[in-house]
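In my numbering, the protein residues as written are 1399 to 1601.
Everything below concerns the one structure shown next.
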């Protein structure tokens, strides 16, 4: 997909943490970055059965509503001992993304009920880039790790304070955002996406 310099790119999210991360990822490109909050857009119903399907639903909805190119993220935490839960329902486990402390407590409770010592998990991110002309790109990124309780750290957002990526000692809630933005599942997905689009910088 080829984009023109100063193309308006709308981040299809109301989650300020995600918006900040995606803005950071796109900062090297000469695009005009906006987000769903600036257009007062309603969130579409996420009826997909995968991260990729839900990412496309959100990006397509923004393109239809604004007429601008859109980038959407659908991501979540996959806990292997819970048969992949919360997965695509990660935000809903946190009461529609309003209380991730509740979501974290639910995960800890279910792991205790399962009587397991397997706390392995992964973060998954699907990124969908959709243009008004119908062009679409979709990629996924994953980072594997393990969960820790109680939650540690106040940085990041969502389930970051209970996730330690493989090879690290600190949770995503403890590390600096600049480091996390380089190594997390969203960054992994974006590295793939960068190979699928370019920006024509000539005026």
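Even for Gly, the Cβ is constructed at its ideal location relative to N, Cα and C.
Computed from a prediction, not measured in an experiment: that's the story for all the values here.
| Asked | Found |
| --- | --- |
| DSSP state of residue 1554 mapped onto helix, strand, coil | coil |
| As assigned by DSSP and simplified to three states, the class of residue 1431 | strand |
| Residue 1506 - DSSP class collapsed to helix/strand/coil | helix |
| Stretch pair the stretch 1481 to 1491 + the stretch 1426 to 1443: three plus CB contacts closer than 8 angstroms | no |
| CA nearest to the CA of residue 1537, picked from 1471, 1552, 1513, 1559 | 1471 |
| Where residue 1516 falls: helix, strand or coil (DSSP) | coil |
| Bridge partner(s) assigned by DSSP for residue 1484 | 1476 |
| Whole-Å CB distance - residue 1521 paired with residue 1452, under 8 angstroms assumed | 15 angstroms between Cβ atoms; not a contact. |
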